[in-house]
Amino acid sequence: MEYPFEKIEKKWQKIWNDKKIFNAKDNTDKKNYYVLSMFPYPSGALHMGHVSNYSIADAISRYKMMQGYNVMQPMGYDSFGMPAENFAIQHNSHPRITTDNNIAIMRKQFDMMGFGIDWEREVSTCHSDYYRWGQWFFKKMYEKGLAYKKTSFQNWCDDCQTVLANEQVEDGKCWRCSSVVRQKELEQWFFKITDYAEELLDFSGVIDWPERVKTMQTNWIGKSFGTEIWFKLENSKELIKVFTTRPDTIFGCTFMALPPEHPLVTNWLKEESENSKMHQFCDKVMNEDTITRTSEDTTKEGIFTGRFAINPVNGEKVQIWITNYVLMDYGTGAVMAVPAHDQRDFEFAKKYDIPMKIVIQNMEENLVLEEMQKAYTEPGFLVNSGKFDGMESENSMKSISEWMAKNSMGKETVTYRLRDWGVSRQRYWGNPIPIIYCEDCGTVLVPDEDLPIKLPENVELGKTTQNPLLSVDDWVNVKCPNCGKPARRETDTMDTFVDSSWYYARYADPKNDKMPFSKEFADNWLPVDQYIGGIEHAVMHLMYARFFHKFMRDLGMVNSNEPFARLLTQGMVTKDGAKMSKSKGNVVDPQYIIDRYGADTVRVFMLFASPPDKDSEWSDEGVKGAFRFLNRVWRLFDENLDLIKENNETTSRSKAETTEGNSHEFTRKENLAAKEREGTQSKNTVTLSPESSLGKGSGSDLSAEIKKLRYSTHFTIKKVLNDIEERMHFNTAIAAVMEHLNNVYSIKNVDKLNDTEKAIFVESCVAIPHLMYVFAPHLSEELWKMIGKENLLHEAGLPEFNEKYLVQDEITYVIQIMGKVRGKINVSVDATDDEIKKLALEVENVKKLLEGKEIKKMIIVPKKLVSIVAK
RNA sequence: GCGAAAGUGGCGGAGUUGGUAGACGCGCUGGCCUUAGAAGCCAGUGAGAGAAAUCUCGUAGGGGUUCGAGUCCCCUCUUUCGCACCA
C-alpha cells in the first residue's frame, strides 16, 4: 500500500500558507538568514535543474528555520530576454502574454513542490515597477561616468540580431543559440566594469565560495604586469604604444605588428586605393568570424605597410606590419615583435623573411640564429642589449622598465583581459535605456519624473530583422527634456544581465516605489547568506552582480562589499550521461514524477543522488528507491502509532505546558528551554540505570539490541546535523536516516519490550520525521502531527543528541598482522593496552599466523585497531 | 598549449585528521507471501579459490614513504571543466 502523499502534501501546503510561516519578517529579535536560488528565466514548466536547485535551497532554509533563524527565501522571474521574444514571434503572440503564462505554470509547480518561498516578495523584471529601477541605475552609472557610448567592433549574432558581451561568447559562438559570432562595427553603450577590475580580483569579502569560481573569475579578469613602450613613427611625431610582459627582449624587436582595426591602419588605408593589397588584406581579416580569427591554428598572415617605427632603446628602424594575429582590444592594440623570443613572432618572421636578433642567451647551450627551429622563450642572460648585457633576463625586466620610464620611452603598467561590459541590445523585450538624443543638446538623460520609460506594448514583432522599437514612431519621437525640441529615444534595450545584477537586493524591499530599495532593509538582509545556482554563471551573472554590488556600495546604498557570502554551485542533472535537453530527447518532466510519487519523493531523490555540487544522473529506479524509503517510514508509524502516541504523550504534554499561551509564536530561547526540559525528563524515564548500563554487562535491564538502537538514534542525529552543517552533504545525511530506519526495523518484538525499552524505541522512531523535515517536509510534518505533537516542525528546533548514549561499553578492535586484517576482538572500553594486546594474541587465527615468528612491534590505535609487526 | 577538478563493484555513490574499502540506495540472484501479478518481507551480492574456516587479488597504471595508503609524495594515462594567437 502506498502512503497517501497527495492528500498529505496538499494539506500541509495549505497549512503552511495559511500560517504564513515562510513570510520573512523585517523586524524581529531573531537573526536573519537569506537563502537565494538562481533567478529563474520563465521558460515554462520547471525542469530538473530547477527542482534540484530549489530542493537544496529549501532544505537549507528549513534547517535554518529549525535552528531558530528568521529565514527569507524569495523567488521571482528574470523575465525579459530574447527567448521570450522569439517564442512570441513563433506563436504569433506577445511576450507579455507568453511570459505571464509561463510564470503561472511555474508558480503552480512551485506550490506543488511545497517550497518554502516568501511569495509576498515576488518580483518580475519585465514589470515596470521593477525595471524602472534598472533605468534609475543606468542613470546613476551615466552620472558617475560608468556608462558611456562608443563605436567599436562588437560580437554580433546574426540569429539573435543583437550584440553580445564578451562573457556571452563561448567558443566563438553565441551562448544562447550557438550560432557563430562575427564582428560588426556598432555604436554601443558600455558599463565600465574595468574600473572595478582590481577590486573584483579580491575575494576576501566572501565567506565561502568554490575555488573553481574564484579561479574562473580571476582568469577572466586576467591581470598581467608589464611595460608600455612608446615607439615613434618614422618621419612623424606620432607615437605607437605597445604593451609587453617581456621588456627584457626590447633590444630584439625587429618589427611591429598591428591589427587591421588599429586607428593608424585606418588612416593609412585612406591613402590607399580601394583595391590595393592592403585594403584587400584588411577586409579579408576583418570579415572573418571570431572562431577563425582568434584560433591558434589559423595561419599567421600579414602585409608590410612600407612604414617604419623607431625602437626607442637603440634608435633602430623596425618594419610595421598589419597582421591577423594581434587583437585590437587587448593591451594597447599593438605588439612589438621579437621573433627570436616569441613563437608567434618567430613563425611570422620566418614566413616573411624578417630579420631576427638574439638578445637572450641560453646559459647551457649557445643559441645560433641560423640553427633555431623555434623561438627561445626560456630565461637566460642578456646580449646585444647595450648596457644591460650580461644581466639575467628575469632580473633585467625591472631595471629596463625603470630606465625606460626615466628616459620617457615607456612605463610600467598593468593590463587586464577584462573589457567593459557592452549592455546595448537591439531587441524589443528588454529594459529601455533612459536616453534621449537631441540635435541641439546631444545625449540627454531622461529625468527621474519621466521614469519608468514603459515599453510600448503595441509592437509588430518579427516583421523586420531590425529592432522592433524603431518602428514605434510615437514612442521613439519625443520632445527633448532640456529644450523641448523634437528628439529621439534610444531604442537599444539593456542586456538582461543588468536586470539580474541587483535583484537579490530588491527582495529586501520589493515594494518600494521611492527607491530600488531602502538602505535599512538592504542592510538587514545583505549579503545573501547562501546562494545556490549553476556553475554556468561563474563569469557572467556572478561577476556582473559583484560589480553592481560594489557600485551600489559606492552610491551608499548598501554597506557590504560582496553580494553573496556563501555560494554553492549545484551540479547538473544528467540523463544517459548528458545534460538534459530537448534536442537530445532525454528530458525528464518533473511534473510526471510529482504526480506519480509526490514532491517529497522528488526532493529526497534529488538530494540523495549525489553531493549537491556534483552532477547527478537521473534514474527512474532511483526515484522508486526514494519512494520506497518514504513508504517504509510511513508504515513504521502506521503500524506502531498507538505505541508511539502513548509514549510520546508525556513529552508533548510537558512541551505544551512550557509553551502555554504562546503556541504559535515560538522563539529560539523558549524552544531550547522546552527542549532541555524534555531532554532531562526523557533521560530519567528512558534509562532506569543509565550509568550502570554502560558497565560491563551487568545491572542493566536493557537488551543489547535496544542499547544499539539508542546508540543508532543519537549517532544518526549527530551525523545528520554534522553532514548538513559542516559539509552540506545531504546524500550522506539521508543515507544515515535510511540506515537508522533499518536499525529500527530490526527490532522485531516491539510488544514484548518493557516500558523503558518501549520509550527508547519510540525515541528512535520520533527522530525520523524530526530529521527528515528538511528533506521530506510534508510527510515529516504529517507524522509529527499524527503522534500528537502540537507544534509544527520548524518550531521544534533541531533534534538533539546526548553524547552519553554515544559511549559504547564495548569496542571492536581490528587485528592486523603486517597491515592485513586477520581478526577482530570486542574489548571493554576501560581495558588497558596490555589487556588488549593479550586478547589480540589469543585469537585463533592470529596464533596460527604468528607461529614460528617473532613479534617485533605492536601498535595500538585507540578505539580502532591493533597492528602486529612480525617476522 | 596553460590552469583546475576528478578517476572506487553492473550503476549512483560512501569512505572528515593515513587505520576493517565498497556505507546507503539502485540493479541482480534465491526464498517466503500470493490463484497470479503488484507491493512487502527474509537471505545473498567486488573478483577468484574452497564444503567450510579461511586465503589470494582488488580503489585508472607504475613507483615510493609507512606497521598500515582510495587517502601522502613522484611519474604516466584518461575524463570533465575553464582559458586559449592576451604579446
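First residue of the first sequence: 1, per my numbering; consecutive thereafter. The beta carbon of each residue, even a glycine, is placed where N, CA and C say it ideally should be. All values derive from a computational prediction rather than experimental measurement.
Legend entry - Length of the line joining the Cα atoms of residue 517 and residue 506: Straight-line Cα distance between these residues: approximately 6 Å.
Inset, instruction - In the DSSP assignment, find the alpha helix (DSSP H) that holds residue 264 and state where it starts and stops. - result: Where residue 264 is concerned, the enclosing alpha helix (DSSP H) stretches over 263–271.
Inset, instruction - Following the continuous beta strand (DSSP E) through residue 36, name the residue where it begins and the one where it ends. - result: 32–37 is the extent of the beta strand (DSSP E) around residue 36.
Legend entry - Nonlocal neighbours in the same chain, by C-beta distance under 7 Å from residue 632, ignoring five residues either side: Contacts found: 741.
Inset, instruction - Assign residue 492 to one of two classes, buried (16 or more other C-beta atoms within 10 Å of its C-beta) or exposed (fewer than that). - result: The residue in question, residue 492, is buried, as its Cβ has 16 or more Cβ neighbours within 10 Å.
Inset, instruction - Look at the alpha carbon of residue 285 and the alpha carbon of residue 480, and state the distance between them as a whole number of angstroms. - result: The alpha-carbon atoms of residue 285 and residue 480 are separated by roughly 42 Å.
Inset, instruction - Check whether the Cβ atoms of residue 571 and residue 37 sit closer than 8 Å, and answer yes or no. - result: One thing to note: residue 571 has its Cβ no nearer than 8 Å to the Cβ of residue 37.
Inset, instruction - Whole angstroms is fine: what's the gap from residue 184's alpha carbon to residue 260's? - result: So the two alpha carbons sit approximately 14 Å from each other.
Inset, instruction - Can you grab the Cα-Cα spacing for the pair residue 84 / residue 437, in whole Å? - result: Spanning the alpha carbons of residue 84 and residue 437 requires a straight line of approximately 29 Å.
Legend entry - Under the three-state DSSP convention, the category residue 764 falls into: The three-state reading of DSSP puts residue 764 in helix, counting H, G and I together.
Legend entry - CA nearest to the CA of residue 611, picked from 404, 215, 573, 121: Looking at the Cα atoms, 573 is the closest of the given residues.
Inset, instruction - Could you work out which residue in 566, 323, 618, 467 is closest to residue 305 when comparing CA atoms only? - result: If we check each option's Cα against that of residue 305, 323 comes out closest.
Inset, instruction - Apply the 10 Å Cβ neighbour rule to residue 855 and answer buried if 16 or more other Cβ atoms are within range, or exposed otherwise. - result: So residue 855 ends up on the exposed side.
Inset, instruction - Would you mind reading off the limits of the alpha helix (DSSP H) that contains residue 12? - result: According to the DSSP assignment, residue 12 belongs to the alpha helix (DSSP H) that extends over 5–19.
Legend entry - 7 Å Cβ shell around residue 694 - same chain, five flanking residues per side excluded: Unreliable placement is indicated for residue 694, whose pLDDT of 34 sits below 50; the coordinate value is still reported in the next sentence. Shown here for residue 694: same chain residues with a beta carbon closer than 7 Å to its own, the five before and five after excluded, namely 807, 809 in chain order.
Legend entry - Whole-angstrom distance between residue 727 and residue 714, CA atom to CA atom: When rounded, the distance between both Cα atoms is 19 Å.
Legend entry - Rounded distance between the beta-carbons of residue 45 and residue 426, thought under 8 Å: The beta carbons of residue 426 and residue 45 sit about 30 Å from each other, so the pair does not count as a contact at 8 Å.
Inset, instruction - Inspect the beta-carbon positions of residue 861 and residue 817 and report whether they are closer than 8 Å. - result: No, they are not a contact pair.
Inset, instruction - Using beta-carbon positions only, say whether residue 335 and residue 414 come within less than 8 Å of one another. - result: No, they are not a contact pair.
Legend entry - the segment 579–589 in contact with the segment 549–568 per 3-pair CB rule at 8 Å: No, the segment 579–589 does not touch the segment 549–568.
Legend entry - Inter-residue CB distance, residue 566 and residue 207 (contact presumed, cutoff 8 Å): At roughly 5 Å, the Cβ-Cβ gap stays under 8 Å, so residue 566 and residue 207 are in contact.
Inset, instruction - State buried or exposed for residue 871, treating a residue as buried only when at least 16 other CB atoms are found within 10 Å of its CB. - result: It is exposed - the Cβ of residue 871 has fewer than 16 other Cβ atoms within 10 Å.
Inset, instruction - Taking residue 597 as part of the alpha helix (DSSP H), name the residues at either end of that continuous run. - result: Start and end: 590–597.
Legend entry - DSSP beta-bridge partners of residue 488: Answer is 437, 477.
Inset, instruction - Report yes if the CB atom of residue 712 is closer than 8 Å to the CB atom of residue 743, and no otherwise. - result: Yes, these two residues count as a Cβ contact at 8 Å.
Inset, instruction - Just mark residue 859 as buried or exposed, buried being the case when its beta carbon has 16 or more other beta carbons within 10 Å. - result: Residue 859 comes out exposed.
Legend entry - Contained alpha helix (DSSP H) runs [length at least 4] in the segment 504–554, N- to C-terminal order: The segment 504–554 contains these whole alpha helix (DSSP H) runs: 519–525, 541–554.
Inset, instruction - Using only alpha-carbon positions, find the residue among 172, 195, 797 that is nearest to residue 296. - result: Nearest to residue 296 by C-alpha distance, out of 172, 195, 797, is 172.
Inset, instruction - Would you mind working out which of 706, 281, 466, 821 sits nearest residue 866, comparing C-alpha positions? - result: Looking at the Cα atoms, 821 is the closest of the given residues.
Legend entry - Cutoff 6 Å; reference residue 469; Cβ partners in own chain excluding five residues on either side: Closer than 6 Å at the Cβ level, and outside the excluded window around residue 469, lie 428, 491.
Inset, instruction - Just the C-alpha distance for residue 375 and residue 256, rounded to the nearest angstrom, thanks. - result: Distance between the alpha carbons of residue 375 and residue 256 is about 17 Å.
Legend entry - 8 Å Cβ cutoff met for residue 409 and residue 318: Contact flag unset, no.
Inset, instruction - Measure how close the beta-carbons of residue 73 and residue 21 come, nearest whole angstrom, since I'm counting them as under 8 Å. - result: Not really, about 11 Å apart at Cβ, beyond 8 Å.
Legend entry - Runs of beta strand (DSSP E) wholly within the segment 185–264 (minimum 3 residues, chain order): Taken in chain order, the whole beta strand (DSSP E) runs of length 3 or more contained in the segment 185–264 are 223–233, 239–244, 255–258.
Inset, instruction - Give the C-beta separation of residue 192 and residue 146 to the nearest angstrom, bearing in mind that I take them to be a contact with Cβ-Cβ under 8 Å. - result: Between residue 192 and residue 146, the beta carbon gap of about 4 Å places them in contact (Cβ cut-off 8 Å).
Inset, instruction - Take residue 384 as the anchor and find which of 252, 353, 853, 160 has the nearest alpha-carbon. - result: Taking each of 252, 353, 853, 160 in turn and checking the Cα distance to residue 384, the smallest one comes out for 252.
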